[in-house]
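What follows is a set of notes on a single structure, which appears directly below.
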Amino acid sequence: MNKRNNERFQNTELKIQQTLLDLLENKDFSKITVREICTSAHINRSTFYSHYLDAYDLIDKTELNMHKKLVSLYVGTGISKTNFLSTKYITIFLNFIYEYRNFYRVRLQTRKSFPIEQGFEPLLSEIVKPYCQKKGFKSEDEMMYFFVYLQAGFTMMIKRWVDNDFNESPEELSEIILKCISNGFNL
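Quick note: the sequence shown uses the numbering used here, first residue 6, plus one each step.
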């Protein structure tokens, strides 16, 4: 039987997510139907609904998968608690956003809240918390406020970049982000 943790189920889930990404290349999310996703992925609607509640659930789960992909890009790069706010690492992030720009264009339009911890556990525990401790943050609450500030600021800057059709290169935006952060904190 096709269960959530078996390879076939996971491959089908990835296939559906990739189909969504492919459809977003030529079509607005609001115009994409579950039927169209199913037809393009060569699956039945019942298969779709065994994986997702609806198209919005699909986009949420696709985003979680995208976070895993993004985090994997940093493996072996030398990123650490003290250097994660650098042009090099922010540019890796921005290049990823640009590569999947159609997905992120939709995601930023449909976002109703910020996923404070969901999918960001490694970033929070391995990078942000040690950085906050180094900078003198005393409590978990203070660190979470910093994380919320950082995440919301990044998200809105990315949204502006996307809305302006990527006028700046990832390197240019990386420099702008660092200027904004360093003016808010003494780095």
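The beta-carbon is built from N, C-alpha and C at its ideal position, and this holds for glycine as well.
From a predicted model like this one, the values you see are computed outputs, not experimental measurements.
First and last residue of the alpha helix (DSSP H) that includes residue i?
| i | result |
| --- | --- |
| F152 | 145 to 168 |
| E18 | 12 to 29 |
| S91 | Where S91 is concerned, there is no enclosing alpha helix (DSSP H), given that its DSSP letter is neither H nor E. |
| I37 | Looking at the DSSP string, I37 is not in any alpha helix (DSSP H), and its letter there is neither H nor E. |
| E68 | 60 to 78 |
| S51 | 50 to 56 |
| K134 | 134 to 139 |
Can you say whether residue i is buried or exposed, counting buried as having 16 or more other CB atoms within 10 angstroms of its CB?
| i | result |
| --- | --- |
| C185 | exposed |
| S77 | exposed |
| L192 | For L192, the pLDDT reaches just 48, beneath the cut-off of 50, and the residue's location in the model is therefore unreliable, although a value from the coordinates is still provided. Classification of L192: exposed, given that the 10 Å Cβ count is below 16. |
| A157 | exposed |
| R40 | exposed |
| E30 | exposed |
| T24 | buried |
| E177 | exposed |
Give the straight-line distance between the Cα atoms of residue i and residue j, rounded to the nearest whole angstrom.
| i | j | result |
| --- | --- | --- |
| K140 | Y94 | 20 angstroms |
| S91 | D146 | 25 angstroms |
| I64 | K164 | 17 angstroms |
| F171 | I181 | 13 angstroms |
| E104 | N169 | 16 angstroms |
| Q22 | G81 | 27 angstroms |
| L28 | S144 | 44 angstroms |
| I132 | I84 | 9 angstroms |
| L113 | F14 | 28 angstroms |
Between the options, which lies nearest to residue i when the distance is taken from Cα to Cα?
| i | options | result |
| --- | --- | --- |
| L99 | S85, M162, M149 | M162 |
| F108 | L129, H72, I132 | H72 |
| L26 | A60, N11, R50 | A60 |
| T52 | S187, N16, K134, L183 | N16 |
| Y57 | N88, E18, K32 | E18 |
Does the distance from the C-beta atom of residue i to that of residue j stay below 8 angstroms?
| i | j | result |
| --- | --- | --- |
| T96 | P175 | yes |
| F159 | C137 | no |
| L75 | F101 | yes |
| V167 | R106 | yes |
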